[in-house]
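Counting in numbering that gives the first Met the number 0, the sequence shown runs from 0 upward without gaps. All C-beta atoms, glycine included, are put in the ideal place defined by N, C-alpha and C. None of these values were measured; they are calculated from a predicted model. Read through the structure below, which is laid out as structure tokens, and then see the notes.
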Amino acid sequence: MYARTARDIGLILRDRRRSLHLTQAQLAERAGVSRPTVVRIETGRERAELGVVLRLLAAAGLSVNLAPPPPPEIDLQEVLARTRQGE
Numbered sequence: 000m001y002a003r004t005a006r007d008i009g010l011i012l013r014d015r016r017r018s019l020h021l022t023q024a025q026l027a028e029r030a031g032v033s034r035p036t037v038v039r040i041e042t043g044r045e046r047a048e049l050g051v052v053l054r055l056l057a058a059a060g061l062s063v064n065l066a067p068p069p070p071p072e073i074d075l076q077e078v079l080a081r082t083r084q085g086e
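In structure tokens:
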């Protein structure tokens, strides 16, 4: 799963928390942060501290893997159509 924005990370964290049947307060307690902090991160606020985000991800059983994004998917039908049109 790839995250490119703070909003992406927040949505991933929220989905994981819900799949674990945890409340925001329970996740906050596990990570040693406040519930409002979980709310801010889950809603994609840009100003969260990296250390706090990493603690929350770890508390939800998630890790960060820094890698280049996958190449964009190519629509072969579109490529063929453009080739036929001389583009």
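C-beta contact flag for residue i and residue j at 7 Å
{"i": "glutamate 41", "j": "alanine 5", "result": "no"}
{"i": "proline 70", "j": "tyrosine 1", "result": "no"}
{"i": "arginine 89", "j": "alanine 30", "result": "The requested residue 89 is not part of the displayed model; the chain covers only 0 to 86."}
{"i": "serine 33", "j": "alanine 27", "result": "yes"}
{"i": "glycine 9", "j": "glycine 43", "result": "yes"}
{"i": "glutamine 25", "j": "valine 37", "result": "no"}
DSSP state of residue i mapped onto helix, strand, coil
{"i": "glutamate 59", "result": "The sequence shown places alanine at residue 59, rather than the glutamate named in the question. Alanine 59: coil per DSSP, three-state reduction."}
{"i": "leucine 90", "result": "The structure shown does not extend to residue 90, since the chain is modelled only from 0 through 86, so no value can be given for it."}
{"i": "serine 33", "result": "coil"}
{"i": "glycine 85", "result": "coil"}
{"i": "aspartate 7", "result": "helix"}
{"i": "aspartate 14", "result": "helix"}
{"i": "isoleucine 73", "result": "coil"}
{"i": "glycine 43", "result": "coil"}
{"i": "alanine 80", "result": "helix"}
Rounded distance between the beta-carbons of residue j and residue i, thought under 8 Å
{"i": "leucine 56", "j": "leucine 21", "result": "About 13 Å; that fails the 8 Å criterion."}
The ligand NAP heavy atom lying under 6 Å from the CB of residue i
{"i": "serine 33", "result": "As for the ligand NAP, it is missing from this structure, which has no ligand bound."}
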